[in-house]
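Chains as they are written, first to last, in the working numbering: chain A, 1083 to 1179; chain B, 1083 to 1179.
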């Protein structure tokens, strides 16, 4: 016995979940930027360099592993982190500049 | 009275929080992609178009508002969503192609 599905109803249900995930992502990102803003202020105050290549390498390695463990494309996880870090470094430069 | 702070200790503490936020982001993203994969399969099965401009517009509008509410740059939230949607559409095209 196969179950008839209404594709548009199904699509709408998936989208409701996606919207919830996106809201969660936005709120965590907001909190992450509050934190990196504090980091930026700290770095500006103590003349620490705005970017830290060693830290970034270790973040990338760690996130690639987390991605693998949760069946997310590790290349995407890396691109995602680079995307965020790029934004953060711009913010830091604005603070220091 | 001002409190002496150790900038490197402070930095390390902020970074521990950032790592936790990143782990949360990766896991939510993994779940979001599981969902969009289901959407992609549904769209392929019922010949629905891989992208939906109206849906994207409404997502952007909603996320910009959420970003404003949580004091995140709405332009960044929009760029972030576009970054993810671009990846999802590539996945959908791979499924349909």
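Backbone N, C-alpha and C fix where the C-beta goes; we use that ideal spot for every residue, glycine too.
Computed from a predicted structure; not experimentally measured.
Within the continuous alpha helix (DSSP H) that includes residue i, where are the two ends?
i: residue 1085/B; result: Premise fails: residue 1085/B is in no alpha helix (DSSP H) and is neither H nor E.
i: residue 1145/A; result: 1135 to 1151
Helix, strand or coil for residue i? Go by DSSP, reduced to three states.
i: residue 1102/A; result: helix
i: residue 1107/B; result: helix
i: residue 1128/B; result: coil
i: residue 1157/B; result: helix
Against chain A, does residue i count as a neighbour if the rule is that its beta carbon must be under 8 angstroms from one of theirs?
i: residue 1152/B; result: yes
i: residue 1164/B; result: no
i: residue 1092/B; result: yes
i: residue 1169/B; result: yes
To the nearest angstrom, how far is the alpha carbon of residue i from that of residue j?
i: residue 1101/A; j: residue 1138/B; result: 11 angstroms
i: residue 1173/A; j: residue 1145/B; result: 21 angstroms
i: residue 1120/B; j: residue 1096/A; result: 8 angstroms
i: residue 1113/A; j: residue 1103/B; result: 8 angstroms
i: residue 1157/B; j: residue 1085/A; result: 43 angstroms
i: residue 1142/B; j: residue 1116/B; result: 21 angstroms
i: residue 1122/B; j: residue 1134/B; result: 12 angstroms
Does the beta carbon of residue i come closer than 8 angstroms to any beta carbon on chain B?
i: residue 1174/A; result: no
Does the beta carbon of residue i come closer than 8 angstroms to any beta carbon on chain D?
i: residue 1139/B; result: In summary, chain D is missing from the structure at hand, where the protein chains are A and B.
Members of the stretch 1099 to 1121 of chain A near chain B, C-beta cut-off 8 angstroms: 1099, 1100, 1101, 1103, 1104, 1105, 1106, 1107, 1108, 1109, 1110, 1111, 1112, 1113, 1114, 1115, 1116, 1117, 1118, 1120 and 1121
Selection of the stretch 1127 to 1150 of chain B by Cβ proximity to chain A, strictly under 8 angstroms: Listed by position along the chain: 1127, 1128, 1130, 1137, 1141, 1144, 1145, 1148 and 1149.
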